[in-house]
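Asker:
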Amino acid sequence: MREWQREIVAKYPEQLLRGLFHSDGCRFVNWASKPDGKRYFYVRYMYSNESDDIRNTLTSTLDLLGIKWRQPRRNAIAVSRKEAVDALDRFVGPKS
Numbered sequence: 001m002r003e004w005q006r007e008i009v010a011k012y013p014e015q016l017l018r019g020l021f022h023s024d025g026c027r028f029v030n031w032a033s034k035p036d037g038k039r040y041f042y043v044r045y046m047y048s049n050e051s052d053d054i055r056n057t058l059t060s061t062l063d064l065l066g067i068k069w070r071q072p073r074r075n076a077i078a079v080s081r082k083e084a085v086d087a088l089d090r091f092v093g094p095k096s
């Protein structure tokens, strides 16, 4: 990322994340199974993009705001922890 880009990201991180998730991401309810076979459900954000630069911009902006993320596959970023999802919910909101 170039210096002028870093300055804009630092000034408007929430708006950048909102735009990225609204363009190439989604918010959905995921489920997982416990060892006893019972399912539990949780909200999750997923972002997918083939560009390493764009994914790196997304993850560095998440890091800047202290939002935990992981990379389940090469071209995807997931935000699943409750506190991280709650943080994104405050400014990403539903797609319009």
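Okay, so the sequence shown: first residue is 1 according to the UniProt record's numbering, each after it adds one. All residues carry an ideal CB built from backbone N, CA and C; glycine is no exception.
1. Using the Cβ count rule (16 or more neighbours within 10 Å means buried), how would you classify F21?
2. Measure the C-alpha to C-alpha separation of S51 and T57 and round it to an integer number of angstroms.
3. Taking the alpha carbon of R55 as the point to measure from, which residue in I77, Y42, Y12 has its own alpha carbon closest?
4. Can you give the beta carbon distance from A87 to L65, rounded, assuming they're within the 8 Å contact cut?
5. Name the one or two DSSP bridge partners that S33 has.
6. Look up Y47 in the DSSP assignment and give the residues it is bridged to.
7. Going by alpha carbons, who is nearest to L62 out of K38, Y42, E83?
Answerer: Per the coordinate set shown:
1. Counting from one through the sequence shown, the residue named residue 21 turns up at place 21. Buried, by the Cβ-count rule.
2. As a first step, residue 51 is located in the sequence shown; it is residue number 51 there, counting from the start. As a first step, residue 57 is located in the sequence shown; it is residue number 57 there, counting from the start. Each residue's alpha carbon lies about 10 Å from the other.
3. Taking the sequence shown and counting its residues from 1, one reaches residue 55 at position 55. Comparing Cα positions, the closest option is I77.
4. For the purposes of this step, residue 87 is taken as the residue at position 87 of the sequence shown. For the purposes of this step, residue 65 is taken as the residue at position 65 of the sequence shown. Yes, A87 and L65 are in contact; Cβ-Cβ is about 7 Å, under 8 Å.
5. Here the question's residue 33 lines up with position 33 in the sequence shown. Here S33 is bridged, per DSSP, to R39.
6. Mapped onto the sequence shown, residue 47 falls at position 47. G25, I77, per the DSSP bridge assignment.
7. For this step, residue 62 is matched to residue 62 along the sequence shown. Ranking the options by Cα distance to L62, first place goes to E83.
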